[in-house]
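Notes for the one structure printed next.
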Amino acid sequence: MYSYTEENYLKAIYKLQEKNNDAINTNSIARVMSTTAASVTDMIKKLSDKKLLEYQKYKGVQLTESGKKTAIETVRKHRLWETFLHNKLNFLWDEVHDIAEQLEHIQSQTLIDKLDEYLGFPTHDPHGDPIPERNGIIKTSNYVLLSDMTLEKEGIISGVVNHSSLFLQHLQKIELTLGRLVKVIEINAFDLSLSIQLDKDQKIQISNEVARNILMKTK
3 MYSYTEENYL
13 KAIYKLQEKN
23 NDAINTNSIA
33 RVMSTTAASV
43 TDMIKKLSDK
53 KLLEYQKYKG
63 VQLTESGKKT
73 AIETVRKHRL
83 WETFLHNKLN
93 FLWDEVHDIA
103 EQLEHIQSQT
113 LIDKLDEYLG
123 FPTHDPHGDP
133 IPERNGIIKT
143 SNYVLLSDMT
153 LEKEGIISGV
163 VNHSSLFLQH
173 LQKIELTLGR
183 LVKVIEINAF
193 DLSLSIQLDK
203 DQKIQISNEV
213 ARNILMKTK
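Just remember that this note's numbering sits 2 ahead of the position in the sequence shown, which is counted from 1.
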């Protein structure tokens, strides 16, 4: 059993490694954890002593197999709790993250397995992120960015890149939510903003900033 802080560090390093297979430097971890480089260095030593990560001076850190396993378990719990909060308790998708951050540290594997079963073994959370299976396998999804879709192309909104509350609230306000059918009907050559059609009727204009933070499953 590891502390909440240790699990949070492992999860943060895992997510950084997902984006970059190279060793992760101290400053990157400090930014994600909103703390100082000195605090990160102290935690790196603790996690290294517990064989959860490998650290090379001036090169950064990488999770060991044990560290990766713990990180994925924490991610799995987090995304299952987000799904429960959204699907069963009707929390909005911008409200579930902070609560799931607290619930993800529950240690009972039996509870998490029963939660998974109760939810019908979901494959993705309310933001479209894949939920790891009990054995740690994460099925990848072949999504494309809405900003990369060509004229007249159709697709289903299946996830987001930006998980911030402000961004999710904006999407909710303009009704760009998971499962909506989107068709690109115009691409502005000046600023790459898009005119899109939702579910074959409603038409709206969105910025390139919004479009490049929406993941699509194309037809």
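All residues carry an ideal CB built from backbone N, CA and C; glycine is no exception.
In terms of residue numbering, what span does the beta strand (DSSP E) encompassing residue i cover?
i, result
"L196", "196-200"
"E188", "183-189"
"T220", "216-220"
"I206", "204-208"
For the alpha helix (DSSP H) containing residue i, list its first residue and its last residue.
i, result
"E97", "Neither: E97 is in no alpha helix (DSSP H) and is coded neither H nor E."
Three-state secondary structure (DSSP) at residue i?
i, result
"I74", "helix"
"L180", "coil"
"L91", "coil"
"F86", "helix"
On the premise that residue j lies in contact with residue i, defined as a C-beta separation below 8 Å, what is that separation, rounded to the nearest angstrom?
i, j, result
"I198", "I206", "6 Å"
"L12", "T112", "About 22 Å; that fails the 8 Å criterion."
"A39", "T28", "5 Å"
"L54", "T72", "7 Å"
"L153", "I189", "6 Å"
"K221", "S160", "Not quite, the Cβ-Cβ distance comes to about 12 Å (not below 8 Å), so this is no contact."
"R182", "L170", "No, R182 and L170 are not in contact; Cβ-Cβ is about 14 Å, not under 8 Å."
Taking 8 Å as the CB-CB limit, is residue i close to chain B?
i, result
"K71", "Looking at the structure shown, chain B is missing, and only one protein chain is on hand."
Within the stretch 4-66, note down every full alpha helix (DSSP H) run reaching 4 residues or more, in order along the chain.
6-21, 28-35, 39-51
Could you pull out every unbroken beta strand (DSSP E) segment of at least 3 residues lying fully inside the stretch 106-174, listed in chain order?
156-162
Take every Cβ of the stretch 64-71, pair it with every Cβ of the stretch 5-24, and state whether three or more of those distances are shorter than 8 Å.
yes
Meets three-Cβ-pair contact criterion under 8 Å: the stretch 78-94 and the stretch 112-122:
yes
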